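Student:
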């Protein structure tokens with residue numbers, strides 16, 4: 026794995042399906058394990074210092090992984106894909122995140138983890154079903170090409186930014202939430 030610098034951020038550059046899948050597995054396990062000891066009655070507990078409750082944290086992951094799978098499914102069946110979704114544009118992500126919360130955060134942590142586990146399993150299948158070219162070369166999916174105005178992103182980069190990257194970032198957020206819970 027190589028890291029490249031894009032828009033002020035290092036983006037991992039994957040060279041194989043195994044490498045990408047292993048990165049998802051490692052980051053996902055660390056992320057999802059953080060929710061093991063959070064009880065359902067605390068799922069909506071909010072702390073000023075953390076921008077999301079445990080339920081909202083999981084809702085974000087469920088939302089993005091669901092969209093990623095929908096983009097691929099819709100293109101495969103010949104539908105026009107609107108990224109990030111038909112109702113939201115890239116310049117309106119705050120409203121999309123509110124929609125994720127409305128759509129998913131009312132669910133139990135158990136339900137959210139179950140949906141996310143299924144989505145991750147489906148992403149592994151998606152990776153397995155793609156050729157190396159489809160995954161690692163540009164211009165292999167219309168939805169990937171249409172998602173950015175100037176940058177050219179391979180499908181693997183979209184998978185990374187909707188799995189590995191947020192699992193790391195949001196693991197930090199839930200760990201901070203748990204630390205605050207112990208202090209109160």
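Residue numbers (this note's numbering): 26 to 209.
Even for Gly, the Cβ is constructed at its ideal location relative to N, Cα and C.
As the structure is a computational prediction, the values presented were derived from the model and not from experiment.
Give me the DSSP bridge partner(s) of residue 52.
Tutor: None; residue 52 has no bridge partner.
Student: Residues in the same chain with beta-carbon distance under 8 Å from residue 179, minus the five sequence neighbours each way, listed in chain order, please.
Tutor: Closer than 8 Å at the Cβ level, and outside the excluded window around residue 179, lie 160, 161, 162, 163, 165, 169.
Student: Could you please give me the residues that DSSP links to residue 110 through a beta bridge?
Tutor: In the DSSP output, where bridge partners are listed per residue, residue 110 has 113.
Student: Excluding the 5 residues preceding and the 5 following residue 205 in the sequence, name in chain order all residues of the same chain whose CB lies nearer than 7 Å to its CB.
Tutor: The residues are 72, 74, 75.
Student: When you compare the stretch 105 to 121 with the stretch 136 to 156, are there three or more beta-carbon pairs, one atom per stretch, that lie closer than 8 Å?
Tutor: Flag = no, the stretch 105 to 121 and the stretch 136 to 156 do not touch.
Student: Quick one: is residue 185 buried, meaning 16 or more other Cβ sit within 10 Å of its Cβ, or exposed?
Tutor: Its Cβ being crowded by 16 or more others within 10 Å, residue 185 is buried.
Student: Expressed to the nearest angstrom, what Euclidean distance is found between the alpha-carbon atoms of residue 38 and residue 199?
Tutor: One C-alpha to the other measures close to 27 Å.
Student: In this structure, does DSSP put residue 175 in helix, strand or coil?
Tutor: Correct three-state label for residue 175: coil.
Student: Would a C-beta distance cut-off of 8 Å place residue 129 and residue 88 closer than the cut-off?
Tutor: For residue 129 and residue 88, yes; Cβs fall inside 8 Å.
Student: Using a Cβ-Cβ cutoff of less than 6 Å, which residues in the same chain neighbour residue 81 once the five nearest sequence positions on both sides are dropped?
Tutor: Counting only Cβ-Cβ distances below 6 Å, and skipping sequence neighbours, we find 126, 130.
Student: For the candidate residues 183, 207, 190, whose alpha-carbon lies nearest to that of residue 96?
Tutor: Per the Cα distances, 183.
Student: When the Cα atoms are used, what is the spatial distance from residue 83 to residue 59?
Tutor: Their Cα atoms are separated by approximately 11 Å.
Student: To test your reading of the DSSP string, which unbroken alpha helix (DSSP H) runs of 4 or more residues are found completely within the stretch 114 to 157?
Tutor: Runs of the alpha helix (DSSP H) inside the stretch 114 to 157: 118 to 129, 134 to 154.
Student: Within a Cβ cutoff of 7 Å, which residues of the same chain sit near residue 45, ignoring the five residues on either side of it in sequence?
Tutor: Result list for residue 45: 39, 152, 181, 184, in chain order.
Student: Rounding to the nearest angstrom, what Cα-Cα distance links residue 195 and residue 56 in this structure?
Tutor: In a straight line, the C-alpha of residue 195 is about 7 Å away from that of residue 56.
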